Amino acid sequence: MDNNNNDAPELRSQAANSLREELRNLRIQNQHLDEAVKTDEMRLSARNDRLFSLRATCATLERKRKSLLKEKHKNLEVFLQGARELSQSKFFSPATHLPPPAEVELASCQYLNHPPAQSPRSPQDGEAPTNMNSVNKNKMRKISNQLRLLREENAELARRASDYGNRADMIDRSLSIGHLSAQVKASRDKQMLSVMKKQAHVLRNSIKFLTLKLNNKVTSKSEA
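Going letter by letter, the sequence shown gives residues 13 to 236 in the numbering used here.
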């Protein structure tokens with residue numbers, strides 16, 4: 013009996029030390045679970061920020077695409093207006109270079125009275141039509157150059173609009189895939205967080221129970 017009584021304090025001390033060690037391990041596990049929960053929450057927040065940034069980029073590209081299409085339509089209107097002016101200048105230009113009727117009659121009389129080889133040629137004969145033709149050619153050349161530049165600009169705008177549209181489509185698809193993947197990952201993370209929180213709750217209850225048990229052991233030891 014004396015040996016049993018002498019061994020009892022040592023056994024209680026060993027049990028208390030074992031409970032303290034178990035309590036310390038449970039606290040460490042609980043700390044690790046809390047850190048894992050915080051890490052997953054930070055990952056979810058970063059993923060949401062990335063999705064928000066991608067949506068903003070997609071919206072910006074869509075606005076650029078609409079702006080380029082609007083500018084393209086505007087240039088097409090200018091192109092058509094220039095084409096109409098070129099057509100009118102080429103086929104329906106007014107005959108302002110023709111001489112007045114009186115000069116036509118005088119020229120007719122001179123033609124009847126003098127052979128063409130002997131009729132003196134005025135330095136101004138033919139200059140007005142030549143000048144007008146030169147003016148019309150220069151005007152048509154300018155309009156043609158403007159139309160060519162507009163065609164090149166429209167082709168570049170169409171290419172850029174197509175590029176922006178393709179990039180917007182790619183980002184939209186990436187957003188859809190990323191959003192779906194994020195939803196699956198978020199659901200899985202939430203389930204994991206729920207399980208981890210339940211485990212943490214169980215560990216806290218275990219810690220409380222072990223603390224009470226340890227206190228009871230210490231109390232009974234002091235009473236003995």
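We treat Cβ as the ideally placed atom computed from N, Cα and C, and that holds for glycine. From a predicted model like this one, the values you see are computed outputs, not experimental measurements.
| Asked | Found |
| --- | --- |
| Measuring CB atoms only, is the stretch 200-213 touching the stretch 39-54, in the sense that at least three cross pairs come out at less than 8 Å? | yes |
| So Lys78 and Leu169 are in contact, right, with Cβ under 8 Å, and what is the actual spacing, rounded? | Contact flag wrong, Cβ pair sits at about 12 Å. |
| What's the C-alpha gap between Glu89 and Ala95? | 10 Å |
| Quick check: the Cα distance between Glu33 and Ile219, rounded to an integer number of angstroms? | 11 Å |
| Given this structure, state the Cα-to-Cα distance separating Phe91 from Gln100, to the nearest angstrom. | 14 Å |
| Excluding the five sequence neighbours on either side, which residues of its own chain have a C-beta within less than 7 Å of the C-beta of Leu81, listed in chain order? | Ala173 |
| Taking the straight line between their C-alpha atoms, what separation do you get for Thr223 and Asn42? | 15 Å |
| Alpha carbon to alpha carbon, how far is Ile183 from Phe64? Give it in angstroms, no decimals. | 12 Å |
| Within a Cβ cutoff of 8 Å, which residues of the same chain sit near Gln26, ignoring the five residues on either side of it in sequence? | none |
| Which same chain residues end up closer than 8 Å to Asn87 when comparing Cβ atoms and leaving out the 5 residues on each side of it in sequence? | Leu162, Glu165, Asn166 and Leu169 |
| Kindly list the residues whose CB is nearer than 7 Å to the CB of Ile189, restricted to its own chain and excluding five residues on each side of it in sequence; keep chain order. | none |
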